[in-house]
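Okay, so here's the structure we're looking at.
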Amino acid sequence: MRIPGGELFTLAQSYNITQHRWKLTFIGEQDTLDFDMGTLRDADGSVIVPHQSFTDLYEQDREFVDAVREGRDPATTGEEVLPTMRILQRAESCAEASASAAVSL
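All letters in the sequence shown, in the order written, are residues 50 to 154 by the numbering used here.
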């Protein structure tokens, strides 16, 4: 398969696995990455991104709902998120146009 940027990848799935697993392996031209139970490791086993709880999104949503119910600002406000969202939108637009652009933080 190819993703929009033209990179080639292979996806394999099976119902023959004997136990439930939360593992993905990404094999690229320069490195192999394993995502296992919330931890991302390189081919040597070094941690790239440490384990994050599967309940993190739930906790974030609960904090937001609690803030609305209590009439207060959530721990992370919309104004704090906007700069990141603008960068992501710019990156997506460039990817769709197969272009590059400078991004100011």
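We put the CB at the ideal spot given by N, CA and C, even for glycine. Small disclaimer: the values here were computed from a predicted structure and weren't measured.
Starting from residue i, trace the beta strand (DSSP E) in both directions and tell me its first and last residue.
| i | result |
| --- | --- |
| residue 88 | 88–91 |
Would you give the residue range spanned by the alpha helix (DSSP H) that residue i belongs to?
| i | result |
| --- | --- |
| residue 104 | It is not in any alpha helix (DSSP H) - residue 104 carries neither H nor E in the DSSP assignment. |
| residue 133 | 127–146 |
Looking only at its own chain, which residues have a Cβ that is under 7 Å from the Cβ of residue i, when we skip the five neighbours before and after it?
| i | result |
| --- | --- |
| residue 54 | 144 |
| residue 123 | 112, 113, 116 |
Flag this pair as yes or no: are the beta carbons of residue i and residue j separated by less than 8 Å?
| i | j | result |
| --- | --- | --- |
| residue 89 | residue 97 | yes |
| residue 72 | residue 85 | yes |
| residue 87 | residue 109 | no |
Excluding sequence positions up to five away, which residues of its chain have a Cβ less than 6 Å from the Cβ of residue i?
| i | result |
| --- | --- |
| residue 83 | 74, 90 |
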